[in-house]
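Anchor point for the sequence shown: position 262 equals 262 in the UniProt record's numbering, and the numbering is continuous, going up by one each time. Here a beta-carbon is modelled for each residue, glycine too, at the ideal position from N, C-alpha and C. In this text, all values refer to a predicted model and were calculated from it rather than measured experimentally. Written out below as C-alpha cells is the structure these notes cover.
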Amino acid sequence: MSQDFPARIQISYKELTAAKQFLDNQPMVRNVPHNGLKHGNERIRLLSDETQRILIREITPPKKQQTRHSKDTASYPSNHGMLRIPKEINSILRCENSKQTTKDSQNSNTQDLWEKFNRCSSQLTEINKHKETGKYSARDIDRAKMLCDEMCQITANIINTDIEFCISHPIENELWYTGVYLVIEFLRDRSRHNHECSREFLSFLTSTMEYYTALISSIQSNYRFSLSSVDNINSIQSEFEQKKILRAVQCCHFLYLSLGDILRYQVVLRGTSPDSVCVEYDWSTVTVYYQKAMQLAPNSGRVYNQLAIVSASQFRYLDTVYYYIRCLSTHNPVTTVRESLLHTFHHIDKQVIILQICKFIDK
Numbered sequence: 001m002s003q004d005f006p007a008r009i010q011i012s013y014k015e016l017t018a019a020k021q022f023l024d025n026q027p028m029v030r031n032v033p034h035n036g037l038k039h040g041n042e043r044i045r046l047l048s049d050e051t052q053r054i055l056i057r058e059i060t061p062p063k064k065q066q067t068r069h070s071k072d073t074a075s076y077p078s079n080h081g082m083l084r085i086p087k088e089i090n091s092i093l094r095c096e097n098s099k100q101t102t103k104d105s106q107n108s109n110t111q112d113l114w115e116k117f118n119r120c121s122s123q124l125t126e127i128n129k130h131k132e133t134g135k136y137s138a139r140d141i142d143r144a145k146m147l148c149d150e151m152c153q154i155t156a157n158i159i160n161t162d163i164e165f166c167i168s169h170p171i172e173n174e175l176w177y178t179g180v181y182l183v184i185e186f187l188r189d190r191s192r193h194n195h196e197c198s199r200e201f202l203s204f205l206t207s208t209m210e211y212y213t214a215l216i217s218s219i220q221s222n223y224r225f226s227l228s229s230v231d232n233i234n235s236i237q238s239e240f241e242q243k244k245i246l247r248a249v250q251c252c253h254f255l256y257l258s259l260g261d262i263l264r265y266q267v268v269l270r271g272t273s274p275d276s277v278c279v280e281y282d283w284s285t286v287t288v289y290y291q292k293a294m295q296l297a298p299n300s301g302r303v304y305n306q307l308a309i310v311s312a313s314q315f316r317y318l319d320t321v322y323y324y325i326r327c328l329s330t331h332n333p334v335t336t337v338r339e340s341l342l343h344t345f346h347h348i349d350k351q352v353i354i355l356q357i358c359k360f361i362d363k
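Dropping the structure here:
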C-alpha cells in the first residue's frame, strides 16, 4: 500500500495498514447481492476520496469483463469481496470527520466576525474624516464609541476561540489603531475645547482599561498558560500548541502596551483637568505596564519608545535618551525614534543654555 496519503487524512498510516490487513483476512463472500456491495461502499465512504481509491485498488479483486450473457452482473461481479471496516477504525474516522466539521464551522464563524470587524473599522474611518475637517458632532462621537465597543467584542471572541486565525490576522493591532485610538483622539480633541467633556473621556479610558485587563486574563485561562511562566513555553512538546501559545503571548504583549498608553492618557488628563474627576494614577503605574510588555517581548522597539515618552514627561532626559537608543538598537525600531532623539538633544541644549544664562545673571 502506498504511503503517499494527502495531508488531510488524520489517521496514521499504521492504522490504515491495520485496516487493510483486516480486510485482506476476511473470507470472500460469494454471490453478494447489489445492496451488499452498496453497503460496503457506504461504510468505506467515511474515508477520504484518495484513501478510498487506494484501499479499493489494494483489496478489491478486479472486475470481470462484461460479456453478452451477463449484462446485469457486469457492474457487480458475483465473486466480490465484502468490504468490512473494523469498529475501531470506524470510530477513529467518525471522530476525525466530526473534528473537521467543527473546525470548518469555526472557520466560517470567524471569517464572518472578521468581515463584520472590517465593516465597523471602515465606518469608524469615515467618521474620523469628519474630525480631520473639524466638522463632527456629539452624534459622531457616540457612533464611534458604539462601533469601537462592537469591535472590542468581536476581538475578544476571535482571540479566545480561534487564536490560529490571529496568527495571520493581528486583530489586536487593528482594534487599537482603527478603533480604540480613533475614539481616544476624538474625546481628547473634544476635552481640549470643553473641560466638561473630561468626564466622558475618563469614563471611556476606564472602561477600555477594564476591557483590556479582562481580555488578558481570559486569554491565559482559555489557552491554559500563565504569563509568569512564559519562559517555559519551549518545554511544550506539540509544536502546534506552542505556536498557539506564542501567538497568545504576543497578543498579551500588545495589550499591555495599550494598557500603558491608556494609563498615560489618564495621567495627562489628571494634570490638565480643572477639577478632581480623574483617578489618581502616577507615572510609576504607567511604567509597570510597559515593563510587563517589555518582559514578554524584550526586542520590541515600541515598548522602549513608550518608556522614553514617559521619561520625557517627567523631565528625566537621561532616561529618555537611554530608552530612545535602546529602541534604535532593536530589530524593529519605531520609525520616528531618530527625530525624537534629536528633538530631545535639542531640548537639552536649550536647558543648558538657560542654565548658563541664569548663572551669569547671578554673578
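- Contiguous alpha helix (DSSP H) elements confined to the stretch 138-170 occur at 138-161 and 163-168, taking only those with 4 or more residues.
- Looking at the backbone, the Cα of residue 185 and that of residue 356 are separated by about 39 Å.
- Using a 10 angstroms sphere on the CB of residue 198, the tally of other CB atoms reaches 16 or more, which defines it as buried.
- The bridge partners DSSP lists for residue 300 are 332.
- In this chain, the alpha helix (DSSP H) harbouring residue 185 covers 181-193.
- Cα atoms of residue 331 and residue 150: separation of roughly 34 Å, rounded to the nearest angstrom.
- By the Cβ test, the stretch 165-180 is in contact with the stretch 244-264, since at least three Cβ pairs between them sit closer than 8 Å.
- For the pair residue 224 and residue 297, the Cα-to-Cα distance works out to about 20 Å.
- Within the model, the alpha-carbon separation for residue 221 versus residue 248 is close to 11 Å.
- If you draw a 10 Å sphere on the C-beta of residue 300, you find 16 or more other C-beta atoms in it, and that means buried.
- The DSSP-derived three-state label of residue 319 is helix.
- Counting only residues of its own chain and dropping the five nearest sequence neighbours on each side, residue 347 has a CB closer than 8 Å to the CB of 317.
- For residue 181, the closest alpha carbon among the candidates 215, 162 and 128 is that of 128.
- Annotated as proximal: residue 259 and residue 212, with beta-carbon spacing under 9 Å.
- In the three-state DSSP reduction, residue 261 falls in the helix class (H, G or I).
- Between the beta-carbon of residue 187 and that of residue 174 there is about 20 Å, and that puts the pair past the 8 Å contact cut.
- Here DSSP, grouped into helix, strand and coil, assigns residue 228 to helix.
- In the three-state scheme derived from DSSP, where H, G and I count as helix and E and B as strand, residue 112 is classed as helix.
- With fewer than 16 other CB atoms across the displayed protein chains lying within 10 angstroms of its CB, residue 350 is exposed.
- As the crow flies, the alpha-carbon of residue 361 is around 27 Å from that of residue 314.
- Of the residues 206, 305 and 327, the one whose Cα lies closest to the Cα of residue 265 is 206.
- Cα atoms of residue 131 and residue 193: separation of roughly 13 Å, rounded to the nearest angstrom.
- About 16 Å separates the beta carbons of residue 148 and residue 113, which is beyond the 8 Å limit, so they are not a contact pair.
- Residue 349 carries a helical assignment under DSSP once its states are collapsed to helix, strand and coil.
- For residue 287 against residue 307, the beta-carbon gap comes to about 7 Å, under 8 Å, which counts as contact.
- If the five residues before and after residue 110 are omitted, its C-beta is found closer than 8 Å to the C-beta atoms of 158, 161, 162 and 165, all from its own chain and listed in chain order.
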